[in-house]
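Let me begin by presenting the structure, written as structure tokens, before commenting on it.
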Amino acid sequence: MQFVHTMAAAAATNTTWTPQTLADRAVDSVPHSLWLTAGYFLLAVVGVAALLSFLGMALIYIERKIAAHFQCRLGPTRVGPFGLLQTLADTLKLVFKEDFVPPKADRSLHMLAPFLALLVPVVLLALIPYSPNVQVADLNIGILFITAIGGFGVMGILIAGWSSNNKWSMIGAMRAGAQIISYELSATLALLVVVLFSGTMSLTGIVLSQQEGWWIWRGHAAGFVAFLIYLVASTADLNRTPFDIPEGESELTAGFHTEYSGLRFAFFFLAEFINMFTVSALTATLFLGGWMPFHVGDWTGFNAAMDTIPPGIWFLAKTTAVIFVIMWFRWTFPRLRVDQLMHLEWKVLLPLGFANLFVAAVVVLTELYPFPLGK
Amino acid sequence: MIHAIKVAQEERLFAGKSVSVAVITRGRPPGYLRVAFSAVTGLLRGLWLTLGYLWSPEAIVTRQYPENRATLQLTERFRGNLRFKFPNEKAQEDHAAFIEQLAHETQTHAHVAADLVREENETRWYHNCTGCGKCQEACPNASIKVFTRQGEILEDREVDRFVWRLDSCMFCNACVQACPWDAIEMTGGFENAVYDRRLLVYNLNRLAGPRINYIEEEENPDVRKRMVERRDRYGGEVPLNGFALPNLPPVTTPMESGSRAIDADAQARLT
Numbered sequence: 353m354q355f356v357h358t359m360a361a362a363a364a365t366n367t368t369w370t371p372q373t374l375a376d377r378a379v380d381s382v383p384h385s386l387w388l389t390a391g392y393f394l395l396a397v398v399g400v401a402a403l404l405s406f407l408g409m410a411l412i413y414i415e416r417k418i419a420a421h422f423q424c425r426l427g428p429t430r431v432g433p434f435g436l437l438q439t440l441a442d443t444l445k446l447v448f449k450e451d452f453v454p455p456k457a458d459r460s461l462h463m464l465a466p467f468l469a470l471l472v473p474v475v476l477l478a479l480i481p482y483s484p485n486v487q488v489a490d491l492n493i494g495i496l497f498i499t500a501i502g503g504f505g506v507m508g509i510l511i512a513g514w515s516s517n518n519k520w521s522m523i524g525a526m527r528a529g530a531q532i533i534s535y536e537l538s539a540t541l542a543l544l545v546v547v548l549f550s551g552t553m554s555l556t557g558i559v560l561s562q563q564e565g566w567w568i569w570r571g572h573a574a575g576f577v578a579f580l581i582y583l584v585a586s587t588a589d590l591n592r593t594p595f596d597i598p599e600g601e602s603e604l605t606a607g608f609h610t611e612y613s614g615l616r617f618a619f620f621f622l623a624e625f626i627n628m629f630t631v632s633a634l635t636a637t638l639f640l641g642g643w644m645p646f647h648v649g650d651w652t653g654f655n656a657a658m659d660t661i662p663p664g665i666w667f668l669a670k671t672t673a674v675i676f677v678i679m680w681f682r683w684t685f686p687r688l689r690v691d692q693l694m695h696l697e698w699k700v701l702l703p704l705g706f707a708n709l710f711v712a713a714v715v716v717l718t719e720l721y722p723f724p725l726g727k
Numbered sequence: 235m236i237h238a239i240k241v242a243q244e245e246r247l248f249a250g251k252s253v254s255v256a257v258i259t260r261g262r263p264p265g266y267l268r269v270a271f272s273a274v275t276g277l278l279r280g281l282w283l284t285l286g287y288l289w290s291p292e293a294i295v296t297r298q299y300p301e302n303r304a305t306l307q308l309t310e311r312f313r314g315n316l317r318f319k320f321p322n323e324k325a326q327e328d329h330a331a332f333i334e335q336l337a338h339e340t341q342t343h344a345h346v347a348a349d350l351v352r353e354e355n356e357t358r359w360y361h362n363c364t365g366c367g368k369c370q371e372a373c374p375n376a377s378i379k380v381f382t383r384q385g386e387i388l389e390d391r392e393v394d395r396f397v398w399r400l401d402s403c404m405f406c407n408a409c410v411q412a413c414p415w416d417a418i419e420m421t422g423g424f425e426n427a428v429y430d431r432r433l434l435v436y437n438l439n440r441l442a443g444p445r446i447n448y449i450e451e452e453e454n455p456d457v458r459k460r461m462v463e464r465r466d467r468y469g470g471e472v473p474l475n476g477f478a479l480p481n482l483p484p485v486t487t488p489m490e491s492g493s494r495a496i497d498a499d500a501q502a503r504l505t
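Protein chains in written order, with this note's numbering: chain A, 353 to 727; chain B, 235 to 505.
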């Protein structure tokens with residue numbers, strides 16, 4: 353069977369990579385010192401928190417700069433050198449703003465919703481393999497867990513819209529719910545293609561299975577089409593332009609977060625950007641090899657040269673490239689109408705995803721890989 | 235969606251006459267694949283275009299305003315403050331050269347130096363306005379009031395004070411288009427912040443007097459001098475200023491005392 357073959361090949365060729373997560377280290381350290389175990393837990397918590405805040409600042413700055421240059425502008429230039437402190441200034445402003453809850457709103461849910469929205473990307477940050485040794489935990493049902501948690505993200509938005517007691521918020525939240533649940537299907541179908549190819553749901557396992565070549569081209573057209581479907585569907589999951597109808601400014605003021613101000617608004621904003629990072633990181637991990645260096649078949653010299661670049665840099669470069677593409681989409685494409693959105697999902701992406709899954713299954717069963725494993 | 239459109243010439247009978255008409259026939263709408271292909275290529279074209287904007291620094295249109303104040307070039311169709319055209323080019327050029335020299339001497343920008351100077355050469359202010367009031371009629375906001383007077387030399391109507399209130403102007407350009415004499419233009423400045431609203435109502439003309447061609451027909455320089463009379467920005471009553479602000483002293487002409495002192499100082503440095 354292909355599955356056995358893949359695992360055997362992986363075992364044969366992966367002698368150079370021995371990934372170890374923080375969770376593994378914590379478990380290993382239990383017999384030696386419980387303080388060390390606690391230290392690993394603390395490191396995980398602090399690391400994710402630090403990454404969260406850094407990503408928030410960096411991505412917002414990058415988004416603003418890139419948006420500006422796509423639109424023939426300069427973007428932030430005044431606060432700090434090259435406007436680097438602009439995000440800090442904006443965050444400070446939001447911290448000091450009034451945290452307003454509308455009088456007729458459901459107060460407790462209104463306060464809770466931003467945290468729910470932010471919870472999902474924070475959990476996902478812990479699962480992403482940044483490098484062989486930098487990962488908080490590697491679940492053997494990684495993909496399943498990510499899909500389940502990712503689907504939970506819509507709860508924060510729905511609760512925000514519901515509790516605000518505002519027409520625009522409600523319409524925006526309902527649109528978001530319909531959109532995210534619809535596009536989850538296509539995204540999951542695209543993920544399944546990679547699961548079929550690699551024979552594992554563990555993210556590290558998927559990265560290791562791409563040592564001979566990334567799934568975006570090792571899976572023939574099926575891998576590439578799955579990549580495209582996942583890119584489109586995840587952009588829709590993120591509520592980003594061209595799929596930002598849940599917060600379409602021209603129709604719904606600001607959609608589900610119309611009634612939010614101050615720090616709680618900032619939480620939604622942060623959640624959106626961290627979501628963008630996790631989606632990009634997942635795309636890079638599943639289709640572009642994650643931290644795995646770029647290898648071409650038998651070119652041993654070339655492969656050795658590629659191996660000199662640290663895996664963390666590879667991961668960062670691939671993720672940045674995907675983030676750039678998502679931002680590029682946002683500042684180029686106009687927004688879809690609601691009916692066009694549903695048409696695209698149910699009549700184009702979903703049938704395409706099913707057909708693609710079928711083709712991928714045929715490829716896996718017949719072992720028609722361009723770069724066969726186990727060389 | 236793109237439909238194939240064909241235009242054909244056809245002869246048709248209208249009221250017994252044969253008339254050549256253009257007949258537009260729509261072809262079959264393109265198929266699913268063709269539409270999908272054109273959609274994808276359209277998206278890719280858009281991506282390519284914005285990528286071009288991203289990579290080429292010369293595409294940036296932003297101007298760093300306060301920093302580039304000295305070299306700021308406004309676009310051709312920019313509508314700034316309303317102002318008089320001063321067609322005496324020779325005097326204008328002399329004045330510009332003087333300002334440039336003054337800016338160089340006082341180490342400031344030209345527009346700062348221009349504020350320091352009270353030019354004594356009145357010929358610089360000769361204007362095209364006849365005081366006909368067409369601009370006043372054209373103004374939808376009643377932001378213009380032209381006061382005319384009976385001239386002493388020519389014994390005819392001429393402009394006395396041309397009062398413009400910036401605070402109610404919406405820069406529609408209707409006055410400029412209505413002017414039969416090409417006397418005004420909307421190419422003045424845009425830095426209009428003041429601490430007192432009353433300063434936003436002011437005279438545009440610097441000389442009360444007839445149109446420039448009547449002055450230039452006159453040979454005698456003494457008579458020429460008597461034809462015009464100096465008007466400054468806030469001089470005289472400004473009747474459109476309907477709102478007197480409580481608890482504030484009446485508007486004095488700014489730069490009246492101060493700028494003359496600076497002016498004398500600058501003159502001393504130049505000579």
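We put the CB at the ideal spot given by N, CA and C, even for glycine.
Burial state of residue i (16 or more Cβ within 10 Å)
i, result
"F318(B)", "buried"
"R592(A)", "buried"
"A469(A)", "buried"
"P734(A)", "With chain A covering 353 to 727 only, the question about residue 734(A) has no answer from this structure."
"H384(A)", "exposed"
"S538(A)", "buried"
"V577(A)", "buried"
"F467(A)", "exposed"
"D430(B)", "exposed"
"G476(B)", "Residue confidence is low: G476(B) scores 43 on pLDDT, short of 50, so the model does not pin down where it sits. Its coordinate-derived value is still stated next. Exposed is the call here."
"P414(B)", "exposed"
"G726(A)", "With a pLDDT of 44 at G726(A), under the threshold of 50, the modelled position of this residue cannot be trusted; read the value that follows with caution. Exposed, by the Cβ-count rule."
"N322(B)", "buried"
"I533(A)", "exposed"
"S290(B)", "exposed"
"G513(A)", "buried"
"N454(B)", "exposed"
"M644(A)", "buried"
"H647(A)", "buried"
"L590(A)", "buried"
"F504(A)", "exposed"
Residue nearest to residue i in terms of C-alpha spacing, selected from the options
i, options, result
"T587(A)", "E603(A), V397(A), G664(A) and F625(A)", "F625(A)"
"F396(B)", "R465(B), L247(B) and G250(B)", "R465(B)"
"L411(A)", "V690(A), F654(A), I678(A) and A573(A)", "I678(A)"
"S602(A)", "G494(A), W520(A) and T635(A)", "W520(A)"
"I597(A)", "F667(A), A636(A) and G529(A)", "G529(A)"
"V546(A)", "V398(A), A525(A) and W569(A)", "W569(A)"
"Q411(B)", "G367(B), L438(B) and N426(B)", "G367(B)"
"N655(A)", "E564(A), L590(A), F595(A) and L491(A)", "E564(A)"
"A419(A)", "N315(B), T284(B) and R311(B)", "T284(B)"
"W282(B)", "F685(A), K699(A) and V716(A)", "F685(A)"
"C409(B)", "F424(B), A348(B), N437(B) and A376(B)", "A376(B)"
"T296(B)", "G408(A), L407(A) and F422(A)", "F422(A)"
"R687(A)", "F646(A), A574(A), W680(A) and P594(A)", "P594(A)"
"A713(A)", "G432(A), G408(A), G551(A) and V486(A)", "G551(A)"
Per DSSP, the bridge partner or partners of residue i
i, result
"N362(B)", "According to DSSP, N362(B) bridges with nothing at all."
"F381(B)", "R395(B)"
"L441(B)", "R464(B)"
"T219(B)", "Outside the displayed range of chain B (235 to 505) lies residue 219(B), so it cannot be described from this structure."
"F318(B)", "I418(B)"
"Y436(B)", "W398(B)"
"R246(B)", "V253(B)"
Assumed close pair residue i, residue j - CB separation to whole angstroms, cut-off 8 Å
i, j, result
"R460(B)", "E386(B)", "7 Å"
"E463(B)", "L441(B)", "7 Å"
"I675(A)", "S632(A)", "5 Å"
"A585(A)", "A542(A)", "7 Å"
"F320(B)", "H345(B)", "That pair is no contact at about 17 Å."
"R467(B)", "N437(B)", "6 Å"
"G494(A)", "S554(A)", "5 Å"
Counting pairs of Cβ atoms below 8 Å between the stretch 695-709 of chain A and the stretch 307-317 of chain B, do you hit three or more?
no
Take every Cβ of the stretch 616-630 of chain A, pair it with every Cβ of the stretch 546-560 of chain A, and state whether three or more of those distances are shorter than 8 Å.
no
The stretch 488-501 of chain A touching the stretch 426-436 of chain A, judged by at least three CB pairs closer than 8 Å
no
Counting pairs of Cβ atoms below 8 Å between the stretch 454-461 of chain A and the stretch 502-519 of chain A, do you hit three or more?
yes
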